[in-house]
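Numbering (my numbering), first residue to last: 10 to 266.
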Amino acid sequence: MKSINVFCIAAVSTIAALGYSSSAQAISFKITNGAPGLNGETNQGAFSEFAKLKETTTIDFNSGKVPTTGFAKYSFENTSGTSSVRADQWAPAGSTGKQNGSNYLAVFNGDAATIKLDKTLNYFGIDWGAVSQNNTFSFYQSGTTGKDKLVKSFTTADILNNAALFKASWQNGEGNGYVHFYSDSSADNFDKIVVSQSSTNGGGFESDNHSFHQGTGKFDFDGNLKPKSVPEPGIVLGLLATGGMFLRKRNQNLSQN
Numbered sequence: 010m011k012s013i014n015v016f017c018i019a020a021v022s023t024i025a026a027l028g029y030s031s032s033a034q035a036i037s038f039k040i041t042n043g044a045p046g047l048n049g050e051t052n053q054g055a056f057s058e059f060a061k062l063k064e065t066t067t068i069d070f071n072s073g074k075v076p077t078t079g080f081a082k083y084s085f086e087n088t089s090g091t092s093s094v095r096a097d098q099w100a101p102a103g104s105t106g107k108q109n110g111s112n113y114l115a116v117f118n119g120d121a122a123t124i125k126l127d128k129t130l131n132y133f134g135i136d137w138g139a140v141s142q143n144n145t146f147s148f149y150q151s152g153t154t155g156k157d158k159l160v161k162s163f164t165t166a167d168i169l170n171n172a173a174l175f176k177a178s179w180q181n182g183e184g185n186g187y188v189h190f191y192s193d194s195s196a197d198n199f200d201k202i203v204v205s206q207s208s209t210n211g212g213g214f215e216s217d218n219h220s221f222h223q224g225t226g227k228f229d230f231d232g233n234l235k236p237k238s239v240p241e242p243g244i245v246l247g248l249l250a251t252g253g254m255f256l257r258k259r260n261q262n263l264s265q266n
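Here you go:
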């Protein structure tokens, strides 16, 4: 789903004090509470604050399966046979902590889900819930060679150990938050993402509402949160009236001349 609108002012308030930026990394990340769904849904997990930003596509898994065609193509390395799209109590919570009753993506027991993108990205957002150890996010760039080059990988420890302000909603005793990964330069752009659970001793990688922003170069996280200013209706009408007055006066002067 794509939208050409810039997110409203309310989105800025959801950042609060929950953000953390790992500027020393090749790719930076921040954690927030996320936002309600595109139509205000609060029971389908948290969505990206950039979901309505132009050139952003969101996969919500509500169809009950991963997309295998189109902009984002998903595939499983499913040796355990348990990784799937499902709906249960472990679904990542919404931006206000409300239980998620929709389908979500679960990866278990040493499995992985690979996401191949048709376009180059400079942003990826994910509602990460029931956070477990050994969850890994890996970003690749194929470039013109067609060979995958690892841009950066993040494990559960990399994110939580650095995110001292990780205070997003919790469920069943485990953390939940919306994680934003974004490029600091064109060298950090990517076109393939792998989410994996490296442990075979239990635990999973539960996520929902993946958002992808097509773009090259740096993704301006803070700048893209700021809505474009729109003049108040009264101001617009006043400007039109003033403009009309000057136009009439100009026409009268021309007639007299």
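Yeah, the Cβ is synthetic: ideal placement off N, Cα and C, and Gly gets one too.
C-alpha gap between residue 83 and residue 54, whole angstroms:
Distance between the alpha carbons of residue 83 and residue 54 is about 20 angstroms.
With burial defined as no fewer than 16 other Cβ atoms inside 10 Å of the residue's Cβ, what is the status of residue 49: buried or exposed?
A residue is called buried once 16 or more other Cβ atoms fall within 10 Å of its Cβ, and residue 49, having fewer, is exposed.
Closest to residue 220 by C-alpha separation, out of 229, 195, 191 and 205, would be which residue?
Relative to residue 220, the option among 229, 195, 191 and 205 whose CA is nearest is 191.
Less than 7 angstroms between C-beta atoms, sequence neighbours within five positions excluded: which residues of the same chain meet that for residue 68?
These residues qualify, in order along the chain: 76, 81 and 219.
Since I believe residue 123 is in contact with residue 86 (beta carbons under 8 angstroms), could you give me their beta-carbon distance rounded to a whole number of angstroms?
So it is a contact: roughly 7 angstroms between Cβ atoms.
Nearest by alpha-carbon distance to residue 202: which of 51, 118, 66 and 147 is it?
Ranking 51, 118, 66 and 147 by CA distance to the CA of residue 202 puts 147 first.
With DSSP collapsed to three states, give me the class of residue 136.
The answer is strand: DSSP assigns residue 136 an E or B state.
Might you give, ordered along the chain, the residues of its own chain that have their beta carbon closer than 6 angstroms to the beta carbon of residue 195, omitting 5 neighbours on each side?
Only 225 and 226 meet the Cβ criterion.
Residue 66 to residue 208 span [Cα, whole Å]
Looking at the two C-alpha atoms, the distance is approximately 30 angstroms.
Best match in 138, 90 and 131 for proximity to residue 161 [C-alpha to C-alpha]:
Out of 138, 90 and 131, 131 has the C-alpha closest to the C-alpha of residue 161.
Name the two residues that bound the continuous alpha helix (DSSP H) containing residue 232.
For residue 232, the enclosing alpha helix (DSSP H) has its first and last residue at 230-234.
Work out the CA separation of residue 111 and residue 167 for me, nearest whole Å.
In a straight line, the C-alpha of residue 167 is about 28 angstroms away from that of residue 111.
Which residues does DSSP pair with residue 117 in a beta bridge?
Partner residues in the beta bridge of residue 117, as assigned by DSSP, are 213.
Would you kindly report the start and end of the unbroken beta strand (DSSP E) that includes residue 81?
In the DSSP assignment, residue 81 falls within the beta strand (DSSP E) that extends over 81-86.
I need the boundaries of the beta strand (DSSP E) containing residue 200, first residue and last residue.
Element bounds for residue 200: 199-206.
Sort 57, 138, 193 and 109 by Cα distance to residue 229 and report the nearest one.
Closest by alpha carbon: 193.
Closest Cα partner of residue 141 within the set 185, 59 and 78:
When 185, 59 and 78 are compared, the shortest CA-CA separation from residue 141 is found for 185.
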